[in-house]
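For the protein sequence lines, the chains are A and B, in the order given.
Count the first sequence with UniProt numbering and you get residues 1 to 450, in order.
Count the second sequence with UniProt numbering and you get residues 1 to 319, in order.
Inspection log for the structure reproduced underneath, given as structure tokens.
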Amino acid sequence: MPIAPGDGRPRDGVLAPSRARRRPPRRGLAGTAALLVTAGTLAGCGGGSGDASTLTWYINPDAGGQAEIASRCTEEAGGAYTIETAQLPRESSQQREQLIRRLAAGDASIDLVSLDPPYIPEFAEAGFLAPVPDDVADRVTEGVVQSAIDGSTWKDELVAVPFWANTQLLWFKKSVAEAAGLDMEQPVTWEQLVQVAEEQDTAIAAQGIRAEALTVWVNALIESAGGSIIERSADNPEDVRLGLTSDAAVRAAEVMRNVSTVGGAAFSTAGEDANVTDFEEGDAAFMVNWPFVWGRALDAVEAGTLDPSVPEDYGWALYPRVLEDESSAPPYGGINLVVGAFSANVDAAYEAAECIVSEENQAYYFTTNGNPASKASVYDDPEVLEVFPQAPVIRESLEQAAPRPQTVYYSEVSGALQRVYHPASSVEPGTTGEEASELITAVLRGEQLL
Amino acid sequence: MTQTTLPPVKKTEPVQAPKGGISDRSRAERRLGWLLAGPAFVVMLAVTAYPILQAVYESLFSYRLTDPDNREFIGLSNYWVILTDSLWWQSIWVTVFITVVTVAVELVLGFGLAMVMAKALSSIRPVVRAAILIPYAVITVVSAFAWQFAFDINTGFVNSWFTWLPGVAADTDWFGDWGTSILVICLAEIWKTTPFISLLLLAGLAQVPDVLQEAAMVDGATWWQRLWKVTIPNMKAAIMVAVLFRTLDAFRVFDSIFIMTAGANGTESVSFLAYRQTIARLEIGLGSAVSVLLFIAVVMIAFGFIKGFKINLSQARGE
């Protein structure tokens, strides 16, 4: 049977192996193409920012705010530098993985980075961050909330520029709180919430998923109970002292288990986004979550996918307490800016960083992207107050927020916590802390897998 | 009725080459052979042998990517840490479970699909073949996301469509415990790679000589008897190659687990463990050791298949 050249479809019922042999010329073409691709990839590896005044800013994905700020600062610089943005993965742990591997290879294209605060010690200790000049340090910490300064500091030195500071609030349905007779003007405890949720047959939305969000929750509970995951940090992993067997940690574990009983159907896989969905749909009447939920609800109303009565019923308060007579320690998050140690434009990068974190840009970012500012004065901005009526509570929350453990080994600590404290329903207040302690110690000593 | 295969062909003995060296012609041919195969050989060395050797070397060190100054030779300690850790053995068990279940199901389904492709009317054959191959063309990460969204408690349709099945309710949390997570992971793998097996089996089906089928039919063999006594014995090599390739593939399962559960509820596979140590923890030494053990496991599977089932790879290629 003759075969028309280029007609690759075999006409028999099967793939005839012999036929492939009759068409060798294609291979040469494929080989050339492969060579070209390889050459292109290799060339791509070596390239930094070719133009000396072009800064590359690695940003976490957002609603377009950072790109807009980048173009504003580029304009303001009047040709002194141009900021280009490059987007990092969605998950903060994956952002870290990408950045750290690039920096370990001395990537000079990394000028500015939007970095999640818990990873800052690891980057600083490895020498991946360009030191912050003293005058810049003075200017960028002026009027900044304390938790954001703490989150940018490693070994008593400012190593990052505070950009925006996030914190979780307690969100509640006003109608349900009212029906339960819960006075939300007063601080509430987790215990009260669990009781109300049981009585009202509703759920508490919290982050029970095995992810970084779980560490955020565990940390906030232990800190709120007056303890700390790491009581003493140290360079040598053997000297790190953990606080997971303390009374505070036991109390926190109790709260976790109790909340998991009213956490809804898929508590063990619920992250921040699933929480909002539950809260919007009315499955959960209480939720601990970041302020983005407000912007999301307003956007959904505008798009016509959410009834306007839903956000009208939203109430907000400070993060719930673990101990009745001690104020809570809400989670601290957000993004700080760091300058890559291998950047060819460190001075310009710090100049750009100062522009990015200006009061004006922080207010813009807050109102358009829902990411709260680290500068306290922004919270008095009438425009901010109009869009975010919860701004005063957010500011108060930021003042008492506690960062996650500051250690070079944060990733290991967080990973081990997630392994032991997940699912929350299996947490045993008496033993889980000890189990986690043993695992973290063994992992840090290199004696166990994670 | 016994199994029917073609009698072995007696190979003709090679003609003895004249003593006293090789001819000019064969020398030229040999040189041409090296010229043709050489570049591929070099590329293989660069992209497979070099990384494997580097991983073996680095697995002997305690080496953290962010702390290269404290790199220290520790011999086989990393291997000892891994092999005495319950997490390793749990991952092995999960990996073997996924491998056995998916390969077994895929083999049966793939065989069925291969028969369909082979027997389909010639007018619709290209369409059938393309339709069957589509899942294999989908990127694994994309397929994992699709399956995750389908089974998600908030966004998925499975919970609302399949409530009539026992054990499925509107609030079934598929990724909430081990059994259901593994089920979805296996389903996604099976959906995605059955076409691969069916393609290999299709090639095998083509090698079953029609004369044998006709002879069996004349002898009054039923369809079922022909399948078991003629078709399958004659394509044993193709089946074994399909199973071998797919087993090696399945043993390295990573994407679906990474996307769907991120290793929660004890669903970590060996590859996932290697990722966690090397990429997330940055413990290059420990992670390399996990990778080397994974490599050894894969080599053992391949070796076991070839020796145990006496697979002749060249026979499967129709040589």
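C-beta atoms are modelled at their ideal positions from N, C-alpha and C, and glycine is treated no differently.
As the structure is a computational prediction, the values presented were derived from the model and not from experiment.
Cutting at 8 Å between CB atoms, please list the residues of its own chain near residue i, excluding the five before and the five after it.
i, result
"alanine 34/A", "A caution first: alanine 34/A carries a pLDDT of 45, below 50, which makes its placement in the model unreliable, though a value can still be read off. Closer than 8 Å at Cβ, skipping near neighbours: no residue."
"alanine 55/B", "Ser288, Ser291, Val292, Phe295"
"valine 72/B", "The sequence as given places glutamate at residue 72/B; valine does not occur at that position. Correct list, in chain order: Phe61, Ser62, Tyr63."
"phenylalanine 305/B", "Met240, Val243, Leu244, Thr247, Ile311"
"glutamine 448/A", "Leu439, Ala442"
"alanine 302/B", "Leu244, Leu248"
"aspartate 313/A", "Lys173, Lys174, Ser175"
"residue 356/B", "As displayed, chain B neither begins before 1 nor continues past 319, which places residue 356/B out of reach and without an answer."
"serine 53/A", "Gly79, Ala80, Tyr81, Thr82, Asn345, Ala348"
What are the start and end residues of the beta strand (DSSP E) that includes residue i?
i, result
"arginine 232/A", "230-232"
"glycine 334/A", "332-339"
"aspartate 55/A", "Correcting the residue type first, residue 55/A is leucine in the shown sequence and not aspartate. Counting along the chain, the beta strand (DSSP E) containing leucine 55/A begins and ends at 54-59."
"serine 114/A", "112-115"
"alanine 280/B", "Alanine 280/B -> no beta strand (DSSP E), and no H or E assigned at all."
Could you spell out the range, first to last residue, of the alpha helix (DSSP H) harbouring residue i?
i, result
"isoleucine 259/B", "255-260"
"leucine 450/A", "Leucine 450/A -> no alpha helix (DSSP H), and no H or E assigned at all."
"glycine 295/A", "292-303"
"glycine 179/B", "178-206"
"glutamine 400/A", "391-400"
"glutamine 95/A", "92-104"
"methionine 44/B", "24-44"
"glutamine 418/A", "410-421"
"valine 196/A", "190-200"
"alanine 77/A", "65-77"
"valine 210/B", "The sequence as given places aspartate at residue 210/B; valine does not occur at that position. Residues 210-218."
Report the residue from the options whose alpha carbon sits nearest the alpha carbon of residue i.
i, options, result
"valine 298/B", "Thr66/B, Ser26/B, Thr99/B", "Thr99/B"
"glycine 266/B", "Asp171/B, Gly33/B, Ser86/B", "Ser86/B"
"asparagine 70/B", "Ala80/A, Glu326/A, Phe267/A, Ala126/A", "Ala126/A"
"lysine 229/B", "Gln213/B, Gly156/B, Ala238/B, Ile301/B", "Gln213/B"
"serine 224/A", "Asp283/A, Glu312/A, Asp380/A, Pro331/A", "Pro331/A"
"glutamate 326/A", "Gln168/A, Ile222/A, Leu112/A", "Ile222/A"
"glutamine 186/A", "Ala352/A, Glu351/A, Ser328/A", "Ser328/A"
"proline 403/A", "Ala341/A, Thr202/A, Asp150/A", "Asp150/A"
"aspartate 283/A", "Ala137/B, Ile153/B, Ser256/B", "Ile153/B"
"cysteine 73/A", "Ile356/A, Leu103/A, Thr431/A", "Ile356/A"
"threonine 155/B", "Ala274/A, Phe128/A, Ala104/A, Pro423/A", "Ala274/A"
"glutamate 399/A", "Asp381/A, Pro405/A, Ser374/A, Pro423/A", "Ser374/A"
"glutamate 386/A", "Ser92/A, Leu450/A, Trp294/A", "Trp294/A"
"glutamate 76/A", "Asp380/A, Glu351/A, Ser233/A", "Glu351/A"
"threonine 407/A", "Pro117/A, Glu97/A, Thr85/A", "Pro117/A"
Closer than 7 Å by C-beta to residue i: which residues in its own chain qualify, once you throw out the five before and the five after it? Chain order, please.
i, result
"glycine 31/A", "Confidence in glycine 31/A is poor, its pLDDT being 45 and thus under 50, which makes the residue's placement too unreliable to answer from."
"arginine 26/A", "Only weak support is given to the placement of arginine 26/A: the predicted model assigns it a pLDDT of 45, under 50, and the value that follows is read from those uncertain coordinates. There are no such residues."
"alanine 4/A", "Because alanine 4/A carries a pLDDT of 37, less than 50, the predicted location of this residue cannot be relied on, and the following value inherits that uncertainty. Contacts found: none."
"proline 237/A", "Tyr409, Leu444, Arg445"
"valine 346/A", "Ala130, Val339"
"isoleucine 92/B", "Val270"
"valine 378/A", "Glu359, Gln362, Ala363, Phe366, Val384"
"glutamate 272/A", "Gln207, Ala213, Asn289, Trp290"
"proline 308/A", "Val301"
For residue i, I'd like the list of residues in its chain whose CB is within less than 6 Å of its CB, leaving aside the five on either flank, ordered along the chain.
i, result
"arginine 21/A", "Unreliable positioning characterises arginine 21/A in this predicted model, as indicated by a pLDDT of 39, which lies under 50. A coordinate reading is not provided."
"alanine 250/B", "Thr99, Thr102, Val103"
"phenylalanine 111/B", "Leu201"
"alanine 285/A", "Lys173, Val176, Thr202"
"phenylalanine 309/B", "Met240"
Give me the DSSP bridge partner(s) of residue i.
i, result
"glutamate 312/A", "BP columns for glutamate 312/A are empty, so no partner."
"leucine 158/A", "Thr153/A"
"methionine 287/A", "Trp171/A, Ala205/A"
"lysine 375/A", "Val144/A"
"tryptophan 164/A", "Ile335/A, Ala373/A"
"arginine 246/B", "Arginine 246/B is not bridged to any residue."
"glutamine 87/A", "Ile59/A"
"arginine 226/B", "According to DSSP, arginine 226/B bridges with nothing at all."
"phenylalanine 111/B", "In the DSSP output, where bridge partners are listed per residue, phenylalanine 111/B has none listed."
"arginine 241/A", "Arg232/A"
"serine 62/B", "Glu72/B"
Evaluate the contact criterion for the segment 113-125 of chain A versus the segment 154-162 of chain A: three or more CB pairs, one atom per stretch, below 8 Å.
yes
Original post:
With contact counted as at least three CB pairs below 8 Å, one residue from each stretch, are the segment 412-430 of chain A and the segment 209-216 of chain A in contact?
Top reply: yes
ask   = Does the segment 140-147 of chain A come within contact of the segment 254-272 of chain A, defined as at least 3 CB pairs closer than 8 Å?
value = no
(Q) Would the segment 185-200 of chain B count as touching the segment 137-152 of chain B if we require 3 or more Cβ pairs under 8 Å? (A) yes
Q) Between the segment 166-178 of chain B and the segment 115-126 of chain B, are three or more C-beta pairs nearer than 8 Å? A) no
The segment 52-61 of chain A touching the segment 85-93 of chain A, judged by at least three CB pairs closer than 8 Å:
yes
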